[in-house]
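Participant: Attaching a single structure in structure tokens format; questions to follow.
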Amino acid sequence: YNYVTPTSYLELINTFKELLSKKRAEVLEGKRRYEAGLSKLDSTHKQVEKMQRILVALQPKLVDAAKDVERMLESIEKESEDVGVIERVVKADEEAAL
1 YNYVTPTSYL ELINTFKELL SKKRAEVLEG KRRYEAGLSK LDSTHKQVEK MQRILVALQP
61 KLVDAAKDVE RMLESIEKES EDVGVIERVV KADEEAAL
């Protein structure tokens, strides 16, 4: 048989209360962190949705800008060819003048 003295019984109860308090604090801290994580995820989700709407709105502008760039490249290529022709004519004139 195990005999429990009143003092050891009170110590057991106090130890149990301390353990219960400690575990309760751990659970509450875990709950707080979980709720903070959920809040952060919700905030991030809203930001992503907002960015997606902005990207969809900017898509036509991007297409237009790409077309403008393509036209500018074609224009630059044509001007480069024209400059090349003029440069050859000027060189020929310089050589003829010497």
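Residue numbers for the sequence shown follow full-length UniProt numbering, beginning at 1 and rising by one. Note that beta-carbon positions come from the ideal geometry of N, C-alpha and C, so glycine has one too.
#1: Measuring only the C-alpha atoms, how far is residue 96 from residue 72?
#2: Where does residue 1 sit, in a helix, a strand or coil, going by DSSP?
#3: Between which two residues does the alpha helix (DSSP H) harbouring residue 12 extend?
#4: Using the C-alpha atoms, what's the distance from residue 38 back to residue 61?
#5: For the ligand NAD, is there any heavy atom lying closer than 6 Å to the beta carbon of residue 89?
Facilitator: By the coordinates alone:
#1: In the sequence shown, residue 96 corresponds to position 96, counting from 1. In the sequence shown, residue 72 corresponds to position 72, counting from 1. Across the structure, residue 96 and residue 72 are spaced so that their CA atoms are roughly 36 Å apart.
#2: Against the sequence shown, residue 1 aligns to sequence position 1. When DSSP states are grouped into helix, strand and coil, residue 1 belongs to the coil group.
#3: Sequence index remark: in the sequence shown, residue 12 carries index 12 (1-based). Run containing residue 12: 6-97, per the alpha helix (DSSP H) assignment.
#4: Start at 1 with the first residue of the sequence shown, and residue 61 comes out as number 61. Start at 1 with the first residue of the sequence shown, and residue 38 comes out as number 38. Separation of residue 61 and residue 38 (C-alpha to C-alpha, rounded to the nearest whole angstrom) is 35 Å.
#5: Among the components of this structure there are no ligands whatsoever, and the ligand NAD is therefore not found.
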